[in-house]
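S.K.: Its first residue numbered 23, the sequence shown is counted upward by one per residue in the working numbering.
Mind looking over this structure? Questions follow.
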Amino acid sequence: MNVKNLYVRFFRSFNYDYLRKSDPRAVADPWDVLGEDQLFYPFVRVSLERDITTVVGANESGKSQLLSAIKCLLTGDNIVRRDFCRYSDFFAVNKEMALPEFGGEFDNLSPEDATMIRSLAKLDEDAHVSSFHLFRFGKRAVLYVLKADEWVDVPLRPADVKKIALPTYFEIDADIPLPDSVSLDYLVAPDTDQPRSRKHDLSAMKNVRKNWSLFESLTSIDQAKQKTIAEAFATEPSDEDKHLRARLELAEKLLVDVAGINRTAFEELRDAAQQSEGYANGIVDRMNRQLADALNFPKWWSQDSQFSLYLTLRDFHLVFTVRDRTGSDYSFSERSGGMSYFLSYFVQYLSHQPKSTQEVLLMDEPDTYLSSLGQQDLLKIFSSFANPDDLDKRPVQVVYVTHSPFLIDKNHGERIRVLEKGDGEEGTRVVGNAAHNHYEPLRSAFGAFVAETTFIGHCNLMLEGQADQVLLAGISSLCRRLGRTGASLDLNELSLVPAGGAEHIPYMVYLARGRDVDTPAVIVLLDSDDEADGIAAELHLGYRETQLVDDDLVIQVGTLGQDDDPAALDLSTKTVQEMEDLLTSEIAILAIKHLACEVLSPGDAAIIDQDLTTIDIGPEQKLFKAAQKAATDASARASTKLRLAKVAFARAVLHVLAHGDTPAEERDRVLGNFEVLFARIDRAQRDAMRRNDRERTSKTVNRLRKNFLKDHPKTASKRDVAALLEDIDEKVPTAGIEAETLRAAIRRIRSEHNLREEPLSPVEDFAALRADLEALAYEAVREVQA
């Protein structure tokens with residue numbers, strides 16, 4: 023059973039759906055009608071995906087309140103008068119104060135769920151029940167079931183509600199990081215009244231050593247000495263680590279529940295630490311192997327494929343130590359806070375034990391402590407909750423709210439829900455078509471242009487206009503949702519950057535690649551008309567005689583039929599001049615009719631629906647130009663003419679492609695055409711990223727080499743050379759053929775110059791070393807161009 027729709031009314035900033043209330047065409051559902059006067063106050067409805075729903079919005083827009091509403095719906099708890107919307111017309115004190123109201127539509131029912139709903143609604147045993155609505159009107163609960171196109175409403179007693187196996191919710195605590203260490207005493211007996219940190223134990227031992235004379239005559243301890251001894255062993259102040267127990271419980275989950283270490287092993291280790299150091303180290307080594315197997319952390323932490331977490335024994339504490347690709351060891355306190363918080367999320371994910379057949383994971387701004395890459399890695403955890411690889415695990419419905427553009431999976435725009443708070447009594451509403459608008463509402467939600475207009479280190483695809491962005495993002499996401507096996511775009515790795523016109527693209531490329539030392543990868547997608555040809559020529563010439571983007575990374579849509587198999591394209595036009603030419607005329611007709619229904623009166627939309635039957639495309643004419651003329655002609659009898667704009671047309675195209683009534687053959691033709699384009703972009707993206715990595719690596723190696731030779735013009739110790747190679751190794755990309763080639767060359771230099779032997783002695787053949795270092799920057803280039 024899943025929560026398909028959440029309904030909220032009169033709860034904090036959720037007043038009612040003021041847009042629906044003001045729509046004269048709106049038809050009230052039975053739960054929207056209020057009181058004996060049958061007043062229409064529609065609930066704010068928030069649809070939830072079966073797998074993952076991402077809620078975004080500006081400050082005070084109601085994001086966190088939405089999570090609270092889900093809790094109230096599922097449990098019926100904490101529905102209190104103080105949460106009633108303060109600016110509601112029904113917030114009054116001259117009568118019994120009202121309670122906020124919640125409802126939900128539940129689908130994906132099991133046979134047992136359906137049987138129970140039929141029983142509570144007193145339906146026939148053979149009645150088909152695929153979903154139901156449950157509403158909590160203050161203290162009342164009402165069940166709504168659709169029967170023969172009519173709603174059956176059934177008041178429920180608390181005992182009846184308990185019979186329905188509603189999903190339960192759980193939360194991952196975003197404020198509890200893993201501790202730096204955990205004591206063996208705690209792991210042996212976690213129910214101890216007052217757990218201690220390693221810092222406290224070390225402080226106590228310091229006090230004991232400082233006051234050792236007090237312990238020399240234990241038989242004659244006076245009250246003053248007793249007080250001093252008590253102070254030496256006093257526990258640390260409670261406010262020094264308010265979350266100590268919760269952090270230690272998390273460490274216990276990691277070692278016992280995730281790594282599967284038997285608790286008796288900690289007791290044995292505690293004894294061994296006093297008697298046999300070798301035996302103790304052997305136990306810790308075995309624990310580390312078991313921990314590494316259980317975590318498989320490189321799969322989840324993309325920032326360092328060689329990252330590992332292991333235990334070291336210190337002062338009867340197991341200290342968590344991390345090792346990165348440099349081979350260096352660090353404690354948590356020496357690394358960024360995001361590392362320990364991400365590990366916290368990861369451990370809570372691995373150790374989670376379901377408490378019901380269906381659960382909902384709720385998370386409130388989990389991005390707080392994580393870097394942009396760490397947030398992308400967190401998306402993997404959410405995905406594993408919602409779509410587990412382990413078939414024995416039940417899928418979990420995930421709902422999280424965020425302020426961060428990096429915690430949005432751009433490959434799944436359908437998951438985004440944008441909340442917006444209106445003026446005065448309007449309250450919070452859900453912005454419609456956020457995915458079709460391709461993050462347009464996110465600009466106000468985040469307070470700035472985000473991923474599509476900011477270079478964040480991924481590959482950037484420069485586009486002529488926003489309509490191109492809408493089509494590429496929307497159709498790629500649709501292909502993924504439909505499970506198509508053709509090419510699609512990874513929008514978490516590829517930023518779509520509309521330039522606002524072809525003439526602005528050279529400047530956008532200059533902004534990205536012409537100013538800084540570290541430049542992002544860039545590819546360009548252009549039309550194939552005269553203007554775009556001129557822009558391609560300008561990009562070839564470059565800026566100040568420096569070409570900023572290679573010719574083969576400038577894609578013109580008209581070349582698809584030349585370089586790819588022409589049979590892969592199924593077109594309405596004879597030639598492809600712009601992206602809209604990859605559509606078919608049949609899809610364009612459906613898009614125009616849908617747009618007419620959205621922007622024109624019902625009568626005018628009916629005229630266009632009747633009169634628009636074909637789109638006549640002349641020789642060498644663009645499909646969109648022909649569609650504009652067809653829309654104008656079809657609205658000749660209408661009171662208002664339909665004027666077709668590219669962005670609105672693109673959004674309408676996405677709607678009809680995703681609509682179930684669209685002919686499958688026409689949809690497949692269009693998606694197949696775009697998959698050809700996606701394949702071309704994907705190849706260019708991989709090439710651009712590889713070249714960019716090589717350029718960045720060469721610049722880095724040359725910079726480090728030149729600085730080294732300035733400091734060591736004639737000779738250097740082997741230790742200094744080893745340090746230089748370690749610096750280079752640390753800055754090399756973590757994966758790829760080029761990275762492995764460079765690392766192989768580094769290993770060869772270490773071996774040929776015997777850098778591990780007598781590290782303080784000078785390098786014997788310094789001239790050869792200089793030549794090797796000069797060649798090092800170009801190892802990757804030689805590998806791919808050999």
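Virtual Cβ for every residue (Gly too), placed ideally from N, Cα, C.
(1) Could you please give me the residues that DSSP links to S203 through a beta bridge?
(2) Would you tell me roughly how many angstroms separate the C-alpha atoms of E717 and M484, rounded to the nearest one?
(3) For E779, verify whether its CB is less than 7 Å away from any heavy atom of the ligand ZN.
(4) Below 7 Å CB to CB, which residues in the same chain sit around N459 once its five sequence neighbours on both sides are set aside?
(5) Hey, would you say E71 sits closer than 8 Å to L384, going by beta carbons?
(6) Let me confirm a value: W173 is counted as buried when at least 16 other C-beta atoms fall within 10 Å, else exposed. Which label applies?
(7) What first and last residue would you give for the beta strand (DSSP E) that runs through I545?
(8) Using alpha carbons as the reference points, say which of S499, L699, L777, Q632 lies closest to L548.
(9) Quick one: is A554 buried, meaning 16 or more other Cβ sit within 10 Å of its Cβ, or exposed?
(10) Can you give me the Cβ contacts of D135 inside the same chain, cut-off strictly under 7 Å, excluding the 5 residues immediately before and after it?
(11) Under 8 Å, Cβ to Cβ, is there at least one residue of chain C near S35?
(12) Grab the span of the beta strand (DSSP E) containing T190 for me, first residue to last.
(13) Evaluate contact between the stretch 560 to 568 and the stretch 588 to 606, counting only Cβ atoms and requiring at least three cross-stretch pairs below 8 Å.
(14) Taking the alpha-carbon positions, what's the G580 to K596 distance?
(15) Under 8 Å, with one C-beta from each stretch per pair, do the stretch 138 to 152 and the stretch 107 to 125 reach the 3-pair mark?
(16) Within its chain, find whatever has a CB closer than 8 Å to the CB of R103; leave out the 5 residues flanking it on each side and keep chain order.
(17) Over the uninterrupted beta strand (DSSP E) stretch that includes G125, give me the two end residues.
(18) Kindly list the residues whose CB is nearer than 8 Å to the CB of D574, restricted to its own chain and excluding five residues on each side of it in sequence; keep chain order.
(19) Tell me the start and end of each unbroken alpha helix (DSSP H) in the stretch 549 to 614 that is at least 4 residues and wholly inside, in chain order.
(20) To the nearest angstrom, how far is it from the Cα of A660 to the Cα of L634?
(21) Is the beta carbon of V49 sitting closer than 8 Å to the one on V452?
(22) Mind checking who G79 pairs with in its DSSP beta bridge?
(23) So is D261 buried or exposed if we call it buried at 16+ other beta carbons inside 10 Å?
(24) Quick one, which of G496, F354, G523, N482 has its alpha-carbon nearest P199's?
(25) Can you grab the Cα-Cα spacing for the pair Q312 / L276, in whole Å?
(26) Using 10 angstroms around the beta-carbon of Y63, count the other beta-carbons present and answer buried if the total reaches 16, otherwise exposed.
(27) Alpha carbon to alpha carbon, how far is S366 from E442?
(28) So does the stretch 746 to 756 actually touch the stretch 713 to 728, counting three or more Cβ pairs closer than 8 Å?
(29) Taking three-plus beta-carbon pairs below 8 Å as touching, is the stretch 487 to 503 in contact with the stretch 729 to 741?
(30) Which class does F477 belong to by DSSP, given the choice of helix, strand or coil?
(31) Can you find at least 3 beta carbon pairs, one from the stretch 618 to 630 and one from the stretch 681 to 689, that sit closer than 8 Å?
(32) Mark H775 as exposed unless 16 or more other C-beta atoms lie within 10 angstroms of its C-beta, in which case mark it buried.
(33) Taking all protein chains shown into account, decide if N37 is buried (16 or more other Cβ within 10 angstroms of its Cβ) or exposed.
(34) With three or more C-beta pairs closer than 8 Å as the rule, is the stretch 388 to 403 touching the stretch 337 to 351?
(35) So what does DSSP say about A793, is it helix, strand or coil?
(36) Does the stretch 434 to 448 come into contact with the stretch 75 to 90, if we say contact requires no fewer than three beta-carbon pairs (one atom in each stretch) closer than 8 Å?
M.R.: Judging by the given coordinates:
(1) As a first step, residue 203 must be located in the sequence shown, where it is residue number 181. Answer is V341.
(2) Start at 1 with the first residue of the sequence shown, and residue 717 comes out as number 695. Start at 1 with the first residue of the sequence shown, and residue 484 comes out as number 462. Going from the Cα of E717 to the Cα of M484 covers about 20 Å.
(3) Of the ligands one can find in the structure shown there are none, so the ligand ZN has no counterpart to examine.
(4) Along the sequence shown, read from residue 1 onward, the residue named residue 459 stands at position 437. Any reading at N459 needs caution, since the residue's pLDDT is 48, under 50, leaving its predicted position unreliable; the model's value is listed next. Answer for N459: R673, listed in chain order.
(5) Counted from its first residue, the sequence shown places residue 71 at position 49. Counted from its first residue, the sequence shown places residue 384 at position 362. Result no, Cβ atoms of E71 and L384 do not sit closer than 8 Å.
(6) As a working mapping, residue 173 is identified with position 151 in the sequence shown. Result: exposed.
(7) As a working mapping, residue 545 is identified with position 523 in the sequence shown. That run of the beta strand (DSSP E) goes 544 to 548.
(8) The residue given as residue 548 occupies position 526 in the sequence shown. Comparing Cα positions, the closest option is L699.
(9) Along the sequence shown, read from residue 1 onward, the residue named residue 554 stands at position 532. Looking at its Cβ environment, which holds 16 or more other Cβ atoms inside 10 Å, A554 is buried.
(10) Translated into the one-based positions of the sequence shown, residue 135 becomes position 113. These residues qualify, in order along the chain: M23, A187.
(11) Absent from the structure is chain C; it holds one protein chain and no more.
(12) Within the sequence shown, residue 190 is the residue found at index 168, counting from 1. 190 to 193 is the span of the beta strand (DSSP E), which, as asked, contains T190.
(13) They do not touch, by the three-pair rule.
(14) Numbered from its first residue, the sequence shown carries residue 580 at position 558. Numbered from its first residue, the sequence shown carries residue 596 at position 574. Approximately 11 Å, taken between the alpha carbons.
(15) no
(16) Along the sequence shown, one-based indexing puts residue 103 at 81. Result list for R103: M119, A120, L121, in chain order.
(17) Within the sequence shown, numbered from 1, the residue matching residue 125 stands at position 103. Segment 123 to 129, the beta strand (DSSP E) holding G125.
(18) Taking the sequence shown and counting its residues from 1, one reaches residue 574 at position 552. Taken in chain order, the residues that qualify are A706, D709.
(19) 552 to 563, 582 to 585
(20) Position 638 of the sequence shown, counted from the first residue, corresponds to residue 660. Position 612 of the sequence shown, counted from the first residue, corresponds to residue 634. Distance between the alpha carbons of A660 and L634 is about 12 Å.
(21) What you label residue 49 is simply residue 27 of the sequence shown in a count that begins at 1. What you label residue 452 is simply residue 430 of the sequence shown in a count that begins at 1. No. Outside cutoff.
(22) Locating residue 79 in the sequence shown gives position 57, counting from the first residue. DSSP lists L441 as partners of G79.
(23) The sequence position of residue 261 within the sequence shown is 239, counting from 1. Residue confidence is low: D261 scores 44 on pLDDT, short of 50, so the model does not pin down where it sits. Its coordinate-derived value is still stated next. It counts as exposed.
(24) If you number the sequence shown from 1, residue 199 lands on position 177. Answer by Cα proximity: F354.
(25) Here residue 312 is taken as the residue at index 290 of the sequence shown, counted from 1. Here residue 276 is taken as the residue at index 254 of the sequence shown, counted from 1. Approximately 11 Å, taken between the alpha carbons.
(26) If you number the sequence shown from 1, residue 63 lands on position 41. Y63 comes out buried.
(27) Counted from its first residue, the sequence shown places residue 366 at position 344. Counted from its first residue, the sequence shown places residue 442 at position 420. Taking the straight line from one Cα to the other gives about 31 Å.
(28) yes
(29) With a cut-off of 8 Å, the stretch 729 to 741 and the stretch 487 to 503 do not count as touching, because too few Cβ pairs lie within range.
(30) By 1-based counting over the sequence shown, the position of residue 477 is 455. Any reading at F477 needs caution, since the residue's pLDDT is 44, under 50, leaving its predicted position unreliable; the model's value is listed next. In this structure, F477 counts as coil in the three-state DSSP scheme.
(31) no
(32) Numbered from its first residue, the sequence shown carries residue 775 at position 753. So H775 ends up on the buried side.
(33) Taking the first residue of the sequence shown as 1, we reach residue 37 at position 15. With 16 or more other Cβ atoms within 10 Å, it is buried.
(34) Contact check between the stretch 337 to 351 and the stretch 388 to 403: fewer than three CB pairs, one atom from each, fall below 8 Å, which does not count as touching.
(35) If you number the sequence shown from 1, residue 793 lands on position 771. A793 falls in the helix class under three-state DSSP.
(36) Touching, yes, given that three or more Cβ pairs across the two stretches are closer than 8 Å.
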